[in-house]
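Numbering (our numbering), first residue to last: 1 to 179. The structure appears below as structure tokens.
What follows is the structure, encoded as structure tokens:
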């Protein structure tokens, strides 16, 4: 009975806000745990990975996604290439999954590599145009997606995404470098 009395003092909209906040905290913790487990698995297996990123530009703005966890939560949308999947199709799929945005791929900005944590990671970055506004899906991984002015990027953007945006603004294409 005391529990029932306590919950009666909370208004329905307050319960909804608390439930949303609790859900966000739980999702962030689950995502952080999944990242730690992935790193541990990579150290054991030492895989070779193929990935893509989409540098989606609308006039003087770039699309960024915000991960639920991490020291640099904002980044370009992207992810792993599935077995037998073309890289441009992976860029389209990942951008839609993470930001709800359909894209037209314009060109390849560059191919990049990274050999941290025992992984051989190769990443293709495509310059793209959006075909619709972002619609963030409810996901364990992604908390937000929005366009930012190229000269006013948010704090907390991951260094590799910032570097790719800088290269794009300098007119780069066909680049190869460390991720």
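No residue lacks a Cβ here, since even glycine has one placed at the ideal position from N, Cα and C. These figures come from a predicted structure and were not determined experimentally.
The beta carbon of residue 81 sits closer than 7 Å to the beta carbons of 50, 51, 52, 87 and 90 from its chain, once the five residues preceding and following it are set aside; these are given in chain order.
Counting along the chain, residue 106 sits inside the beta strand (DSSP E) bounded by residues 103 to 114. In the three-state reduction of the DSSP assignment, residue 173 falls in the coil class, being assigned neither a helical nor a strand state. Between the alpha carbons of residue 44 and residue 19 lies a gap of roughly 38 Å. Each of 141, 163 and 27 was checked against the Cα of residue 150, and the nearest Cα belongs to 163. A contact between stretches requires three or more CB pairs, one per stretch, nearer than 8 Å, and the segment 93 to 104 fails this requirement with the segment 163 to 174. Counting every other CB atom within 10 Å of its CB across the protein chains shown gives residue 25 a total below 16, marking it as exposed. Across the set 108, 64 and 121, the C-alpha of 121 shows the shortest separation from the C-alpha of residue 39. Distance from residue 78 to residue 99 at the Cβ level is roughly 10 Å; contact not present, criterion being Cβ atoms closer than 8 Å. Cα atoms of residue 56 and residue 128: separation of roughly 5 Å, rounded to the nearest angstrom.
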